[in-house]
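Colleague:
6 protein chains.
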Amino acid sequence: MTTKGSNSGKVRVGVVGVGIGRLHLEGYQKHPDAEIVALADVNEERARQTAKEFNVPQIFADYEKMLKEADLDAISVCTPNSLHAPVAIAAFQAGCHVICEKPIATSAKEGEKMVEAARAAGKIFMMAFNNRFRGDTQVLKKFIDDGVLGDIYYAKTGWLRRRGIPGIGGWFTTKAMSGGGPLIDLGVHVLDLALHLMGNPKPVSAYGSTYAEFGPKMPGGDKYDVEDLASGLIKFQNGATVLVEASWASNIAQETAGLDVHQCPNQARASGAQLSVVA
Amino acid sequence: MTTKGSNSGKVRVGVVGVGIGRLHLEGYQKHPDAEIVALADVNEERARQTAKEFNVPQIFADYEKMLKEADLDAISVCTPNSLHAPVAIAAFQAGCHVICEKPIATSAKEGEKMVEAARAAGKIFMMAFNNRFRGDTQVLKKFIDDGVLGDIYYAKTGWLRRRGIPGIGGWFTTKAMSGGGPLIDLGVHVLDLALHLMGNPKPVSAYGSTYAEFGPKMPGGDKYDVEDLASGLIKFQNGATVLVEASWASNIAQETAGLDVHQCPNQARASGAQLSVVA
Amino acid sequence: MTTKGSNSGKVRVGVVGVGIGRLHLEGYQKHPDAEIVALADVNEERARQTAKEFNVPQIFADYEKMLKEADLDAISVCTPNSLHAPVAIAAFQAGCHVICEKPIATSAKEGEKMVEAARAAGKIFMMAFNNRFRGDTQVLKKFIDDGVLGDIYYAKTGWLRRRGIPGIGGWFTTKAMSGGGPLIDLGVHVLDLALHLMGNPKPVSAYGSTYAEFGPKMPGGDKYDVEDLASGLIKFQNGATVLVEASWASNIAQETAGLDVHQCPNQARASGAQLSVVA
Amino acid sequence: MTTKGSNSGKVRVGVVGVGIGRLHLEGYQKHPDAEIVALADVNEERARQTAKEFNVPQIFADYEKMLKEADLDAISVCTPNSLHAPVAIAAFQAGCHVICEKPIATSAKEGEKMVEAARAAGKIFMMAFNNRFRGDTQVLKKFIDDGVLGDIYYAKTGWLRRRGIPGIGGWFTTKAMSGGGPLIDLGVHVLDLALHLMGNPKPVSAYGSTYAEFGPKMPGGDKYDVEDLASGLIKFQNGATVLVEASWASNIAQETAGLDVHQCPNQARASGAQLSVVA
Amino acid sequence: MTTKGSNSGKVRVGVVGVGIGRLHLEGYQKHPDAEIVALADVNEERARQTAKEFNVPQIFADYEKMLKEADLDAISVCTPNSLHAPVAIAAFQAGCHVICEKPIATSAKEGEKMVEAARAAGKIFMMAFNNRFRGDTQVLKKFIDDGVLGDIYYAKTGWLRRRGIPGIGGWFTTKAMSGGGPLIDLGVHVLDLALHLMGNPKPVSAYGSTYAEFGPKMPGGDKYDVEDLASGLIKFQNGATVLVEASWASNIAQETAGLDVHQCPNQARASGAQLSVVA
Amino acid sequence: MTTKGSNSGKVRVGVVGVGIGRLHLEGYQKHPDAEIVALADVNEERARQTAKEFNVPQIFADYEKMLKEADLDAISVCTPNSLHAPVAIAAFQAGCHVICEKPIATSAKEGEKMVEAARAAGKIFMMAFNNRFRGDTQVLKKFIDDGVLGDIYYAKTGWLRRRGIPGIGGWFTTKAMSGGGPLIDLGVHVLDLALHLMGNPKPVSAYGSTYAEFGPKMPGGDKYDVEDLASGLIKFQNGATVLVEASWASNIAQETAGLDVHQCPNQARASGAQLSVVA
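Protein chains in written order, with the working numbering: chain R, 26 to 304; chain E, 26 to 304; chain P, 26 to 304; chain Y, 26 to 304; chain Z, 26 to 304; chain F, 26 to 304.
(1) Of the residues that make up the region 160-173 of chain E, which ones have a beta carbon closer than 8 Å to any beta carbon in chain R?
(2) Kindly indicate the opening and closing residues of the beta strand (DSSP E) around Thr-182 of chain Z.
(3) Judging by CA-CA distance, which residue of P:Ile-114, P:Glu-141 and P:Ser-107 is the nearest neighbour of Ala-130 of chain P?
(4) Evaluate the contact criterion for the region 232-245 of chain F versus the region 128-142 of chain F: three or more CB pairs, one atom per stretch, below 8 Å.
(5) Can you find a C-beta in chain Y that's less than 8 Å from the C-beta of Val-303 of chain F?
(6) Nearest CA to the CA of Leu-254 of chain Z: which residue from Z:Tyr-232, Z:Ala-304, Z:Gly-212 and Z:Ser-33?
(7) From the DSSP output, read off the bridge partner residues of Leu-258 of chain R.
(8) When you compare the CB of Asn-291 of chain P with every CB in chain B, is at least one pair closer than 8 Å?
(9) Go to Ile-193 of chain P, then tell me how far its beta strand (DSSP E) extends in each direction, as first and last residue.
(10) Is it buried or exposed, Asn-276 of chain Z, if we count other Cβ atoms within 10 angstroms and call 16 or more buried?
(11) To the nearest angstrom, how far is it from the Cα of Lys-260 of chain E to the Cα of Ala-274 of chain R?
(12) Would Leu-92 of chain Y and Cys-121 of chain Y qualify as a contact pair, given that the criterion is a beta-carbon distance under 8 Å?
(13) Per the DSSP calculation, Met-151 of chain R is bridged to which residue(s)?
(14) Which chain P residues sit within Cβ distance under 8 Å of Thr-300 of chain E?
(15) Does the Cβ of Arg-186 of chain E lie closer than 7 Å to at least one heavy atom of the ligand SAM?
(16) Look at the alpha carbon of Met-202 of chain R and the alpha carbon of Tyr-178 of chain E, and state the distance between them as a whole number of angstroms.
(17) Distance check for Val-173 of chain Y and Lys-167 of chain F, CA to CA, integer angstroms please.
(18) Please state whether the Cβ-Cβ distance between Trp-184 of chain P and Val-215 of chain P is less than 8 Å.
(19) Exposed or buried, which one is Pro-343 of chain Y when buried takes at least 16 other CB atoms within 10 Å?
(20) Taking the C-alpha atoms as reference points, what is the distance between Phe-79 of chain R and Gly-39 of chain R?
(21) Between Leu-268 of chain E and chain R, is any beta-carbon pair separated by less than 8 Å?
(22) In or out: Ile-84 of chain F buried (at least 16 other Cβ within 10 Å) or exposed?
(23) Quick check on Glu-135 of chain E: buried or exposed, where buried means 16 or more other Cβ atoms within 10 Å of its Cβ?
(24) With distances taken Cα to Cα, identify the nearest neighbour of Cys-103 of chain Z among Z:Gly-46, Z:Val-81, Z:Pro-228 and Z:Gly-34.
(25) What would DSSP say about Val-140 of chain P, mapped onto helix, strand or coil?
(26) Alpha carbon to alpha carbon, what distance is there between Ser-234 of chain E and Val-43 of chain Y?
(27) Going by beta carbon distance, what residues of the same chain come within less than 6 Å of Phe-117 of chain F, once the five residues before and after it are set aside?
(28) Using the beta-carbon of each residue, which ones in chain E are nearer than 9 Å to Ser-296 of chain R?
(29) Could you check whether the Cβ of Ile-277 of chain P sits closer than 8 Å to any Cβ belonging to chain Y?
(30) Measuring alpha carbon to alpha carbon, tell me which of F:Asp-250, F:Val-251, F:Gln-74 and F:Leu-268 ends up nearest Ser-256 of chain Z.
(31) Provide the residue(s) that pair with Asp-285 of chain Y in DSSP beta bridges, ordered along the chain.
(32) Quick check: is the beta carbon of Tyr-232 of chain Y nearer than 8 Å to any beta carbon in chain P?
(33) Cα-Cα, which of F:Tyr-232, F:Ala-282 and F:Ile-169 is closest to Ala-293 of chain F?
(34) Please state whether the Cβ-Cβ distance between Ala-65 of chain E and Val-41 of chain E is less than 8 Å.
(35) Taking its Cβ as the centre, do 16 or more other Cβ atoms sit within 10 Å of Met-152 of chain Z, making it buried, or is it exposed?
(36) Would you report the Cα separation of Tyr-232 of chain P and Pro-207 of chain P, rounded to the nearest angstrom?
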């Protein structure tokens, strides 16, 4: 990655949105090649406190102003989902690389425009799919790529919470801002991981159901307009099938998240630091 | 159930096929109202030994002869799947009640003919879905019917074996005789249970995949022509969805079988003698 | 519940004692129909800090003054056990509904007087038995009431801590103030739950033992004059029996709390969010 | 133990009753100092087959004849419970040592007469309480006797089966022959163990309940006249208390048997080969 | 492998010793390219019964006669350890390939002579180290060879039984016939596996202890002259270290066998069908 | 222990080094016979804050000044390992008793000098081996000393962390200050415990390996010059052997620490509050 002209030789980064954006600031702070230059948030008070905590020299209420004035090499897009596309596209047009929180956008069309904008600008566009970088999934990826485990023909993946609707009444549960519920909030993580391990096969059809059983019945749930459970199967051109389940609220004993990939002759299950291979 | 005219006042039963039929014989033997009168099997030696073991007075190589001569009230159909329809239909026409091993037949069409034959004869037709009679599933059924658990909107059910292809090279793995692989061998048990608990909702669509990864590669697998793993989703008129998985061979650590039914506000998991309800 | 005449239309509540009383304040704060009007505690500094934290407009060192001046609809009694009776009776006489922390009082006689005072005043008297409102116990209660599980003939219930004597040297371990040890501190919770599930059968006899093995040997234990382990059986008019165990200190690997209710043909165990039914 | 004059120098043993008596024969066979001389059983066919299997030279249908003719040093009493007293007393009078299966007899009075007969004859009388000889319980006994664990003030012991009524309709479930149900069949084992470990304290009172919920409802249960669940507390002169539970049939997930002895400062749990001490 | 001239085109095999040799016969029976031609055992009765069970046409009391007369391509050496060397060497000299049970011999010197004899004869010499062929260890070997897991610098391997001294008083516990105790009986399996996975590094030194604590104290233990527990460390030229433990008798809760191989950045544990990789 | 002349009659203690020294301060604060008089730390700011938190009247940057001026009865040595010897020796010479953090010193020679200095001064020298004082290990020690468990012939002890290199780049990972890695940081705890339980047998030889696989590859690891994994066997004059493993970084699923002592006829495992004895 080339940087714009920082005296420090470091990548000059900015963060838009300081909710989940805090985790990006923590990561940049630890990285020897990153320099946090600016942050933007419509909540100025929150912006100010966060800037103080992380020693960020400039704060902006308006991300467009930040893109114009802060001389950035790259930004993190950490806004509500409906702003991912406009912020990222503006950043590409301002000559920035972009790390964008998941999901990419609230529609496939928006997502495609973001990719086009990145290509037109010749800039890097990275989705924040951190599960690809866990120790166990990296080892599993190598095992699969080395051909020891055999081809994946069926994968089961899911992330199911017991009581975990995020901020009921807030942007997460308002479709106009979020674009959807747990499927694009949690499901994208595990689905991305499955696709990554399978070598990104091309999907040919999908089938599934969504339910909103808990959210609308909870206090503040009258405006809840996304699903709280989704389950679906996806078939791929190479013959493989993936089951994906995602839930913010289910009467399960405890939260579960994981990935089973079925191969012949071997099969693997990744969950946290430990990888099991059954042969 | 009325009986034909047995002096003993007991139901006079016959068994066709003494493979899985042994379990039917064991059951009849313990039942105070049943009298085992005859058995039929194309393998006469096996028929003779089984008859000796269970003190069965008459044996037949030909089930039609048995139906004609043995003066039976009821029979158990325990043949390879492709014979379920002809044997059961002949039995109804001979005035017998029928308990038939699962799956009902090798095609839906055959199954419908069997039901018609039962109706025409005014005889009882019962499928051998024993899991409905387990303690835990009976309690669960009552809880659901009493309305305490809420409506089932999503159910996950499956039966997955590690290394359990039955009789490779035999009738189980030959589609012309079996009609299919683990989906109709194991999957019917758990799918029937789910439908039973849900009150038999009407299916409106289904989607799924089958794979034959293990069977064809095993010794004797060259004629293996059924699946060894199946996974599918079924949607119902009442809005509910069911996931069903069935496998004879998967690289899992150990065999699993069970049923999760999702309701709001409560949810239940049945497996063996113990029923868990998460509230 | 009718309220006295609050402008807000909410129930005007006060809390006496801000130790365990904090949890009552947290609960009232979340409830849309409650308005916290006042709190009373003999420790004025603690009262002041708590009032600030929960935005309570009035504080009193003397609960009688609070009852006279604060125009309350209801109070929570969260004092040491020996004050439950005088505070609750004063509150009823002042025209308040009362939620009282467990145990009801330090003697059965006091408890009866409290109930009489509530009746005389025509006010609601509720004991703070929160375990009745857990998801698993509410489901279990419905299952029992629906008759699916059968009658309870034997119940085993207990709450056993490893190292959990509360405030050694304080009021909990001083009989004059507490009225007793773990049996009325922890045991009442699980015993109440058992009785509630059984439909409050009438006890006819009881038998048991108490021990003080740990408390007196610990630093500050010279004035310890309650039990630290209690175990007993109670027989009821309907023929049922309940085992109850309660301990603040036992050399067990970890704390356990739960309830097993034995019925024929089924049996249930409730512990936390998960309910097991063995059939 | 002195022996009567066997040429082999071994103890000449006989066994009365070859049901559980088989286990005694197996034990004698392995012991270098025992010589199996005779067995007696009212079922002559069973006696003959057992004698053949264990190379026993003499068989008798009548135990009194055996005592007179077989020149025995010792016998095992393995009959239904109601015969323990007459057989053992006859054996003592014939000059034999006696190992008697549990329970000692069908009443305390009979038991006392057996002890008197043993004393009068100067012979050894041993109850078959094999759990005292398990590795874990022997170690625990030594730990207790050495004083490391402290005095036992509360012990919980029990043996609970899921579906384990022995021979419904047979002598076990007929009070006239058995003297009682699981309390004296299973409970005596664990109660004996507790008393043994506690140093045989003197009981001063007891309280408990018994239930027959499963047995009478099972096939063949119309003559079932013993309990199937018993639970009780016993208080001892030294201040200690013991809880004992015994069941042949309970809706528990699986059979449990064990012993917890509570001491201060330490506490132990014995179950099978492994002993846990919590300090 | 070339075969001598069998008409069937199959490998003509013989088995010497029908104790553990039974398992070899079972394996040969299932293999399409093997023909069991003869077996030899000094116990003629046992030889005869085994030959009948496996349809083996020729039996010999003397293995040398078998080697001369049976026209074999290969033999399994399944004798007591002290005969491994003479039988295998005679077989090589008779032009046979050899599969030999572990351990190779009762001394390193004998083992070297066996290898020399195999080389001189140009025949295959295979040790029966079946654990190399388990699914999990084969996958692990591939992962290691592919370089994904990193180099093994420390491996811990062992096989520890609770109560498992084989045939006390027999050849296993007699050093002149066995050459040693659990270290060469069980330890060779897990040590071989570790060396195999590590790529057979060259050992440079070793250090360890052996104990005979249980064997000599058991009935029949007076002639017990091998160890019952061994523990040692081995250092290799490549800097790696291996810990090996082997026991026939230890007071552990249950038998354990397994292998941990430590690498950086990843580490694997193989035990049975499941392989865990911690990253 | 005699005290110098404190008016309070309490032991006047000082602490040198307020890193791990905090835990010593917490312990002294709770002890009725200790009076914390002074603390010393080269980091004056940290010393000041700690003194304020624990109400320590005097602080010193120089421990020698403290020993001269603070009129102490005893000190805790909580410095980096390389200062254990000089601080402790100075303290003995100043007439103080000493509790020293583990390991004793960075070389055996230094350790011997410390012991000599203690003897010359007639003062108590105690190493901070707190695991000797856990409930489970004290009970185990008594069981061993009472002779119930038999002699220990083999002990396995270890402390293995998953990701636990302390302060990479700090004194722990710099050999000149620490004297070594996890073997003397963690291993000394478990090795001391084993030796204590075994009655301090005299070692006659040792053999082992150390590895630095993780530390040097981590950020800041360029100056890492101690091991991160150590494994060794030690043989003792009484014939016993001890295995000790210690690691700051291994790809294990989770941290483990414990002790197995092998005896005949019994065997014990201590880990945390629970002690298991297998018989």
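For each residue, glycine too, the CB sits at the ideal point set by N, CA and C. Values in this document were obtained by computation on a predicted structure and should not be read as measured data.
Modeller: Checking against the coordinates, here is how it stands:
(1) none
(2) Position 157 of the fifth sequence, counted from the first residue, corresponds to residue 182 of chain Z. Note, Thr-182 of chain Z: beta strand (DSSP E), 177-185.
(3) Walking along the third sequence from the start, residue 130 of chain P turns up at place 105. When only C-alpha atoms are compared, the closest one is P:Ser-107.
(4) The answer is no - the region 128-142 of chain F does not touch the region 232-245 of chain F, with fewer than three Cβ pairs under 8 Å.
(5) The sequence position of residue 303 of chain F within the sixth sequence is 278, counting from 1. Nearest CB-CB separation between Val-303 of chain F and chain Y: below the 8 Å threshold.
(6) Within the fifth sequence, residue 254 of chain Z is the residue found at index 229, counting from 1. For Leu-254 of chain Z, the nearest C-alpha among the options comes from Z:Gly-212.
(7) Along the first sequence, one-based indexing puts residue 258 of chain R at 233. DSSP, once it has assigned bridges, lists R:Tyr-232 and R:Leu-268 as partnering Leu-258 of chain R.
(8) The structure shown has no chain B; the protein chains it does contain are R, E, P, Y, Z and F.
(9) If you number the third sequence from 1, residue 193 of chain P lands on position 168. Note, Ile-193 of chain P: premise wrong, no beta strand (DSSP E); not H, not E.
(10) Mapped onto the fifth sequence, residue 276 of chain Z falls at position 251. Under this definition Asn-276 of chain Z is a buried residue.
(11) Along the second sequence, read from residue 1 onward, the residue named residue 260 of chain E stands at position 235. Along the first sequence, read from residue 1 onward, the residue named residue 274 of chain R stands at position 249. Rounded to the nearest angstrom, the gap between the Cα atoms of Lys-260 of chain E and Ala-274 of chain R is 21 Å.
(12) To locate residue 92 of chain Y, count along the fourth sequence from 1; it is residue 67. To locate residue 121 of chain Y, count along the fourth sequence from 1; it is residue 96. Contact flag set, yes.
(13) Taking the first sequence and counting its residues from 1, the one referred to as residue 151 of chain R is at position 126. R:Ile-124.
(14) Along the second sequence, one-based indexing puts residue 300 of chain E at 275. According to the sequence as given, residue 300 of chain E is Leu; it is not Thr. Chain P residues near Leu-300 of chain E: Ser-301, Val-302, Val-303 and Ala-304.
(15) Looking for the ligand SAM in the displayed structure turns up nothing, as the structure carries no ligands at all.
(16) Position 177 of the first sequence, counting from 1, holds the residue named residue 202 of chain R. Position 153 of the second sequence, counting from 1, holds the residue named residue 178 of chain E. Those two C-alpha atoms are separated by around 27 Å.
(17) As a first step, residue 167 of chain F is located in the sixth sequence; it is residue number 142 there, counting from the start. As a first step, residue 173 of chain Y is located in the fourth sequence; it is residue number 148 there, counting from the start. So the alpha carbons of these two residues sit roughly 7 Å apart.
(18) Walking along the third sequence from the start, residue 184 of chain P turns up at place 159. Walking along the third sequence from the start, residue 215 of chain P turns up at place 190. Yes, Cβ-Cβ distance for Trp-184 of chain P and Val-215 of chain P is below 8 Å.
(19) The structure shown has nothing for residue 343 of chain Y, since chain Y only spans 26 to 304.
(20) Position 54 of the first sequence holds residue 79 of chain R. Position 14 of the first sequence holds residue 39 of chain R. Computed Cα separation, rounded: 12 Å.
(21) The residue you call residue 268 of chain E lines up with position 243 of the second sequence. Closer than 8 Å to some Cβ of chain R, the Cβ of Leu-268 of chain E qualifies, so yes.
(22) Along the sixth sequence, one-based indexing puts residue 84 of chain F at 59. Looking at its Cβ environment, which holds 16 or more other Cβ atoms inside 10 Å, Ile-84 of chain F is buried.
(23) As a first step, residue 135 of chain E is located in the second sequence; it is residue number 110 there, counting from the start. Within a 10 Å sphere around the beta-carbon of Glu-135 of chain E sit 16 or more other beta-carbons, which makes this residue buried.
(24) Numbered from 1 along the fifth sequence, position 78 holds the residue referred to as residue 103 of chain Z. Answer by Cα proximity: Z:Gly-46.
(25) Numbered from its first residue, the third sequence carries residue 140 of chain P at position 115. Looking at Val-140 of chain P - three-state DSSP - the assignment turns out to be helix.
(26) Looking up residue 43 of chain Y in the fourth sequence gives position 18. Looking up residue 234 of chain E in the second sequence gives position 209. Cα to Cα, Val-43 of chain Y sits roughly 59 Å from Ser-234 of chain E.
(27) Stepping through the sixth sequence from its first residue, residue 117 of chain F is reached at position 92. Correct list, in chain order: Ala-142, Ala-143, Ala-146 and Lys-148.
(28) Along the first sequence, read from residue 1 onward, the residue named residue 296 of chain R stands at position 271. The premise fails here: Ser-296 of chain R is roughly 13 Å from chain E at the closest Cβ pair, so nothing lies under 9 Å.
(29) Here residue 277 of chain P is taken as the residue at index 252 of the third sequence, counted from 1. At least one chain Y Cβ lies under 8 Å of Ile-277 of chain P.
(30) Counting from one through the fifth sequence, the residue named residue 256 of chain Z turns up at place 231. It is F:Leu-268 whose Cα lies nearest to the Cα of Ser-256 of chain Z.
(31) Numbered from its first residue, the fourth sequence carries residue 285 of chain Y at position 260. Y:Lys-181 and Y:Arg-294.
(32) Here residue 232 of chain Y corresponds to residue number 207 of the fourth sequence, with the count starting at 1. Cβ-Cβ to chain P under 8 Å: yes for Tyr-232 of chain Y.
(33) Here the question's residue 293 of chain F lines up with position 268 in the sixth sequence. Nearest in C-alpha terms to Ala-293 of chain F, of all of F:Tyr-232, F:Ala-282 and F:Ile-169, is F:Ile-169.
(34) Mapped onto the second sequence, residue 65 of chain E falls at position 40. Mapped onto the second sequence, residue 41 of chain E falls at position 16. Cβ atoms of Ala-65 of chain E and Val-41 of chain E: closer than 8 Å.
(35) By 1-based counting over the fifth sequence, the position of residue 152 of chain Z is 127. Classification for Met-152 of chain Z: buried.
(36) For this step, residue 232 of chain P is matched to residue 207 along the third sequence. For this step, residue 207 of chain P is matched to residue 182 along the third sequence. Distance between the alpha carbons of Tyr-232 of chain P and Pro-207 of chain P is about 17 Å.
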